[in-house]
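Encoded as structure tokens, the structure appears first; notes follow it.
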Ligand SMILES: [Zn+2]
Ligand SMILES: [Zn+2]
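In the numbering used here, the protein residues as written are 1009 to 1340.
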């Protein structure tokens, strides 16, 4: 089969992805092989290709928003039938035994494996998944619609909950890419007032089309104080900007796996009055199941730009340059 791998991490314009030919992987115990139909492009893939996230091992295949059909079952794999359509997400495996797993916070597992970082992901004709961590995908959801839900959607949903906005409250969204445009739809459907603050012209237009309450520049003040905010942009300089936009007692949740340097915070201006700053780390399988059900019920629609699997490097370069709004999806 053919697969993309991260050779030596480097700026995306210099071609850090290599195309390789390798045997299709054989599923081990409790694993299934997924024949990839499409794979969403997440900013984490870009961080991996460019070396913001240090590679866990050489030659990893990125991609953790994988939609495909079960092509083969490993020994003892019973959850899915061959031919069934499933989704492969970022959370590839947890140990199930550490104190965080035992208390229901498997997103904080001390020995996790992530798809497309530790484990080979979906920028390939096929990949493996531990069947316990795959999702059954609702009928009636097209492959390219389902893919962005699997990381962008699920993590955004967790981030929205972490921002702790009360019913009818005011949410700020900083940065408006794949994850944010799905999260905004959930927030609007839940009756929140949504203010989007982002620099990209295409992103602003998409936010407006989705019916958010206001759209401003990344460092503009929103038209009203915020009960909670989510920082989706990987831009540390926006942390104090977003904190200052919070009302008393508000929470800023940082959704990204990687953020550039955060400037020094001023305690009085940025944090006092019980404003909170927290990160969002991966997700639990329960978050995923909950979000997928909710997305179908609310009719959450991903705005997608489709690329051929052969064009994965171009999709990542376009993501880096903000050349599309919404989410990119690679088609096998
Ligand atoms: Zn654990
Ligand atoms: Zn992701």
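Positions of the beta carbon are idealized from the N, C-alpha and C atoms, including for glycine.
On the DSSP bridge assignment, give the partners of residue 1012 in chain order.
Taking the chain shown and counting its residues from 1, one reaches residue 1012 at position 4. Looking at the DSSP output, residue 1012 shares a beta bridge with 1027.
As assigned by DSSP and simplified to three states, the class of residue 1042:
The sequence position of residue 1042 within the chain shown is 34, counting from 1. Correct three-state label for residue 1042: strand.
Drop a sphere of 10 angstroms on the beta-carbon of residue 1155, count the other beta-carbons inside from all chains shown, and report buried for 16 or more, exposed for fewer.
Taking the chain shown and counting its residues from 1, the one referred to as residue 1155 is at position 147. Classification of residue 1155: buried, given that the 10 Å Cβ count is 16 or more.
If residue 1219 sits next to residue 1173, beta carbons under 8 angstroms apart, how far is it from one beta carbon to the other, in whole angstroms?
Translated into positions along the chain shown, residue 1219 becomes position 211. Translated into positions along the chain shown, residue 1173 becomes position 165. At roughly 17 angstroms, the Cβ-Cβ gap does not stay under 8 angstroms, so residue 1219 and residue 1173 are not in contact.
Is any heavy atom of ligand 2 found at a distance shorter than 7 angstroms from the C-beta of residue 1072?
Counting from 1 along the chain shown, the entry for residue 1072 is found at position 64. Yes, since a heavy atom of ligand 2 falls inside the 7 angstroms radius drawn around the Cβ of residue 1072.
Reference residue 1151; option with closest CA among 1069, 1191 and 1309:
As a working note, residue 1151 is residue 143 in the chain shown. Measuring C-alpha to C-alpha distances from residue 1151 to each of 1069, 1191 and 1309 identifies 1309 as the nearest.
Residue 1289 in three-state terms, based on DSSP
If you number the chain shown from 1, residue 1289 lands on position 281. Reduced to three states, the DSSP call for residue 1289 is coil.
Residue 1304 - DSSP class collapsed to helix/strand/coil:
Translated into the one-based positions of the chain shown, residue 1304 becomes position 296. Correct three-state label for residue 1304: helix.
Could you tell me whether the stretch 1328-1340 touches the stretch 1178-1191, where touching means 3 or more Cβ pairs closer than 8 angstroms?
A contact between stretches requires three or more CB pairs, one per stretch, nearer than 8 angstroms, and the stretch 1328-1340 meets this requirement with the stretch 1178-1191.
Rounded C-beta distance between residue 1134 and residue 1043? I'm assuming under 8 angstroms.
Within the chain shown, the letter at position 126 stands for residue 1134. Within the chain shown, the letter at position 35 stands for residue 1043. Confirmed, Cβ separation roughly 5 angstroms.
So is residue 1281 buried or exposed if we call it buried at 16+ other beta carbons inside 10 Å?
Taking the chain shown and counting its residues from 1, one reaches residue 1281 at position 273. Exposed is the call here.
Might you give, ordered along the chain, the residues of its own chain that have their beta carbon closer than 8 angstroms to the beta carbon of residue 1088, omitting 5 neighbours on each side?
Here residue 1088 corresponds to residue number 80 of the chain shown, with the count starting at 1. Non-local beta-carbon contacts of residue 1088 in its own chain, meaning distances under 8 angstroms to residues more than five positions away in sequence, involve 1040, 1078, 1081, 1094, 1139, 1142 and 1144 in chain order.
Give the secondary structure of residue 967 by DSSP, where H, G and I count as helix, E and B as strand, and everything else as coil.
With the chain represented from 1009 up to 1340, any question about residue 967 goes unanswered, as that position is not in the structure.
Residue 1105: buried (16+ other C-beta within 10 angstroms of its C-beta) or exposed?
Numbered from its first residue, the chain shown carries residue 1105 at position 97. By the beta-carbon neighbour count (other beta carbons within 10 angstroms, threshold 16), residue 1105 is exposed.
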